[in-house]
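The opening position of the sequence shown corresponds to residue -9 in our numbering, with each subsequent residue numbered one higher. Cβ coordinates follow ideal geometry from the N, Cα and C atoms, glycine included. This one's a predicted model, so the numbers in the text were calculated from it and none came from an experiment.
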Amino acid sequence: MRYFLAYLITVGLLLVLIFVLFTGGGNDKPKTVVTKKTLVSFADTDAEVSLGIDGPINANSLHEQVRIEVNNNDATLNIIRGYDGDVVKTRSFANTENAYSAFLSALSTAGFTRGDKDEKLKSEAGACPLGMRYTFQFKDGTGKVLSRYWSTSCGGTKTYLGNTNLTITLFQAQIPDYSELVSDTSL
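Here's what the structure looks like:
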């Protein structure tokens, strides 16, 4: 009987030990619940989303880029020549918080904030040298970059895990007469 009682106590202590190990030992600290803000929740802030389209790697005098930046006040198209960021054409269009909210919601559906954060893939420099490189960036109201991913027209390596074609189309749709405005470029 004494051995049986010792056996029961030993099994009980083992169960208590296993319980303590797997539940954190009865720590009285409250668990913190982290709530990730959605893209749409930034509609009433100074946050900005942008798309960069960088053309084939060629001579400085031939190189072209397009940048579309959208926030709750305006949508801006910049056409850039060369590698030094010389803006040759800018057009801005008024935006509203409701329109921006709808746009951010559509970008969420397209997977705008999904990407590979591998440091080895951080830069798109040199990728797809004869095609297009696309950058997708999200900044908070202070200018801090919350996400920046890239993709190419060549396929293969990329960090952007959203729907590239849908995202590009959504950005271009924010600029009235986009096709006409970029008609003098090769982009």
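Subject >> TYR90: first and last residue of the uninterrupted alpha helix (DSSP H) it sits in >> reply: Start and end: 87 to 100.
**OP:** State whether the region 144 to 152 contacts the region 47 to 62, with contact taken as three or more CB pairs (one from each stretch) at a distance under 8 Å.
**Re:** The region 144 to 152 is not in contact with the region 47 to 62.
**OP:** To the nearest angstrom, report how far apart SER173 and THR132 are at their CA atoms.
**Re:** Just so you know, the alpha carbons of SER173 and THR132 end up roughly 34 Å apart.
Subject >> Same chain, Cβ closer than 7 Å to GLU87, five either side skipped, listed in chain order >> reply: Closer than 7 Å at the Cβ level, and outside the excluded window around GLU87, lie ALA33, ASP34, ASN62.
**OP:** Have a look at VAL24 and LYS134 and give me their C-alpha separation to the nearest angstrom.
**Re:** Any reading at VAL24 needs caution, since the residue's pLDDT is 45, under 50, leaving its predicted position unreliable; the model's value is listed next. Approximately 20 Å, taken between the alpha carbons.
**OP:** Identify which residue in ALA37, SER141, GLY45, PRO166 has its Cα closest to the Cα of LEU94.
**Re:** Nearest C-alpha to LEU94: ALA37.
**OP:** Mind checking which residues open and close the alpha helix (DSSP H) that includes GLU114?
**Re:** Here GLU114 belongs to no alpha helix (DSSP H), and DSSP marks it neither H nor E.
**OP:** Could you say which of LYS110, SER143, GLU109 lies nearest to THR125 if we only look at CA atoms?
**Re:** When each option's Cα is compared against that of THR125, the closest is SER143.
Original post:
Going by DSSP, which residues form a beta bridge with GLY42?
Top reply: As a beta-bridge residue in DSSP terms, GLY42 pairs with ARG57, THR125.
**OP:** May I ask you to list the residues that DSSP assigns as paired with LYS79?
**Re:** In DSSP, LYS79 forms a bridge with ILE69.
**OP:** Classify VAL39 as buried or exposed, calling it buried when 16 or more other Cβ atoms lie within 10 Å of its own Cβ.
**Re:** The C-beta of VAL39 has 16 or more other C-beta atoms within 10 Å across all chains shown, which makes the residue buried.
**OP:** Grab me the residues of PHE161's own chain with a C-beta within less than 6 Å of its C-beta, minus the 5 sequence neighbours each way, in chain order.
**Re:** Within the same chain, PHE161 has close Cβ partners LEU41, ILE58.
Original post:
Rounded to whole angstroms, how far is the Cβ of SER141 from the Cβ of THR154, which I believe are closer than 8 Å?
Top reply: Yes, SER141 and THR154 are in contact; Cβ-Cβ is about 5 Å, under 8 Å.
**OP:** With DSSP as the reference, label VAL135 as helix, strand or coil.
**Re:** Three-state DSSP puts VAL135 in a strand.
Original post:
What are the boundary residues of the alpha helix (DSSP H) that includes ASN155?
Top reply: In the DSSP assignment, ASN155 falls within the unbroken alpha helix (DSSP H) covering 154 to 162.
**OP:** Output yes or no for whether 8 Å exceeds the beta carbon distance between ASN85 and ALA65.
**Re:** Taking 8 Å as the Cβ cut-off, ASN85 and ALA65 qualify as a contacting pair.
Subject >> CA nearest to the CA of CYS118, picked from ILE43, SER31, VAL30 >> reply: When ILE43, SER31, VAL30 are compared, the shortest CA-CA separation from CYS118 is found for ILE43.
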